[in-house]
Amino acid sequence: MEQSTRQVTVIDELWDNEESKANRRLYDEQDRGLQRQNIELNDRIKKFEKQLEILKNNQLKDHDKELIKRILSKQANEYNKLVKKKDQEIEQLNEQIRQHSKPNLLESALRQSNIERLHLEKRFLSSSSSLNSTTTTNGGPTTTASAGANEESLNSPKSSDSSTCYDDSTHYQAVTKTNEGLKAELDRLTKSNQDNTAKLKLQFEQYDKLQQAYKDLETKYNQLLPIEEPHKKEKLFYDSCLLENKQLKEKLLKIENESHHKDLDEQNKQKQKIDALENELLTLKSTQNHQQDVQIKMDHLQKELELRINEFETISTLNTKLSNELKNSTNTNERLTAECEALRAALVAKADEFDSKKSENEQLKTKNSDLESIIKSLQDTNDVLKRLNTENEINKQELKEKQDHYEQFQKIHDTTKRENQATIHLLQ
């Protein structure tokens, strides 16, 4: 009974006190304001995250443009290498034509072979004349030897006749061997002479064909002279364009390096800002979690209040019965007043906590203003990037014009290459 009377007196004092009601209304209004501010802060944080994603995408697009520039520069270098190779091939073809136009060395070789043949024929004639002379001389002594043999068959021996016949036979065998060797050399020289004459005929025919082809080339070259003059002019113009392109590339490299350094500095600054923003987001999330915990506690307190209100309604019926016992519970009432003062002190502490939260909210507002200034700086950098993009498009247009000149030059070069290939086929 005493506990029920205590609860009734505490609830009566809480709800009868007008100051506590006013404080409760203010606390509810301030809690609603804090919830609205938290919603606004969450929306702003989402906007900041979207803007950061847009900036990252713009940086990726700039990286793609730089890759396209590098690919175009590589293609231009490859084209220059191909042009140099083709010029070298044309020079080699001209040198081959000059070499074919020179007199061949086979004429001198044929002359030397003819001289050797005449020399060998002279030697053969001399050897044949020497053989005839030796045979005549050998025939005379044989007749004389036969007569002497008939006259001196009785007195002289047969040893002298055998020695003379042996010397003549050995000399005759040596002469026949030399004649056979000379004949073999003559046959070989005649065959080589025939082969050389056939080769000379073929080479003379080829030389005539080359002369005709060279004349055709001269006529074509004379025809191509009026075409080649504008081609030379175009080549000079192309060389000047290449020089301008190199200068522009150097300027672009300087600008790109400067922009790259600036971008790196800006990226470092942006990373620092992003880290600061992430830290702020973490702090905001921690404050949100704390606020959620506070809201959960408030809900729990509201449920307890509702339960106590229900209990108050049940106890109000008992209050009529226990009114007689209130006279005896004056001492208990004093104790309850002390407890009420303690509760009031708790309310004052909660009011102090509310003031601290309000100061935290003001700090968040200042941080929000700082973030807005950062966004403005990022927008300025985005404008600079757009200006660089416009300059890049102008450079692209210039590259397209140069590529058109390059395609025209390549068509002319293909036609000249086909004509050169046709002339090479004719030469072959």
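Numbered according to full-length UniProt numbering, the sequence shown spans residues 1 to 428. We treat Cβ as the ideally placed atom computed from N, Cα and C, and that holds for glycine. Fair warning: this is a prediction, and the values are worked out from it, not measured in the lab.
Query: Taking the C-alpha atoms as reference points, what is the distance between residue 498 and L347?; Result: Shown here, the chain extends from 1 to 428; a query on residue 498 therefore has no answer.
Query: Whose C-beta lies closer than 6 Å to the C-beta of D355 among residues of the same chain, with five residues either side of it excluded?; Result: none
Query: So R217 packs on T423, CB below 8 Å; how close in whole Å?; Result: First, the residue type needs correcting, since residue 217 is Leu and not Arg in the sequence shown. Right, their Cβ atoms sit about 6 Å apart.
Query: Are Q37 and N361 touching if we call contact CB-CB under 7 Å?; Result: yes
Query: Is the distance from the Cβ of E280 to the Cβ of K365 below 7 Å?; Result: no
Query: Given a threshold of 16 other Cβ atoms within 10 Å of its Cβ, counted over all protein chains shown, does S153 qualify as buried or as exposed?; Result: At S153 the pLDDT is 41, less than 50, meaning the model places this residue with poor confidence and gives no usable figure here.
Query: Kindly confirm or deny that the region 231 to 246 and the region 394 to 409 touch, where touching means at least three C-beta pairs closer than 8 Å.; Result: yes
Query: In three-state terms, what does DSSP make of Q223?; Result: helix
Query: Tell me the DSSP secondary structure of Q428 in three-state form.; Result: coil
Query: Among the candidates A276, D370 and Y406, whose CA atom is the shortest distance from the CA of N77?; Result: Y406
Query: Between the Cα of L282 and those of E185, Q35, D28 and N42, spot the shortest distance and give me the residue it belongs to.; Result: N42
Query: So residue 429 and S286 are supposed to be a Cβ contact under 8 Å. How far apart are they, rounded?; Result: No answer is possible for residue 429: it lies beyond the span of the chain, which begins at 1 and ends at 428.
Query: Report the three-state DSSP secondary structure of L322 (helix, strand or coil).; Result: coil
Query: Go ahead and label Q270 buried or exposed: buried means 16 or more other beta carbons lie within 10 angstroms of its beta carbon, across all protein chains shown.; Result: buried
Query: Helix, strand or coil, according to DSSP, for E419 in the structure here?; Result: helix
Query: Compute the distance between the beta-carbons of K273 and I394, then report whether it is under 7 Å.; Result: no
Query: Can you give me the Cβ contacts of S101 inside the same chain, cut-off strictly under 6 Å, excluding the 5 residues immediately before and after it?; Result: Because the pLDDT at S101 is just 49, under 50, the model does not fix this residue reliably, and the point stays unresolved.
Query: Find the nearest neighbour of H413 within the set R44, K84 and T330, judged by alpha-carbon distance.; Result: K84
Query: By how many angstroms is the C-alpha of I309 removed from the C-alpha of T320?; Result: 17 Å
Query: Can you tell which of T176, E278, N331 and D370 has its C-alpha closest to the C-alpha of E49?; Result: E278
Query: Looking at A198 and L426, is the spacing between their C-beta atoms short of 7 Å?; Result: no
Query: Would you call the CB atoms of T381 and E266 closer than 7 Å?; Result: yes
Query: Roughly how many whole angstroms lie between the Cα atoms of Q408 and N57?; Result: 38 Å
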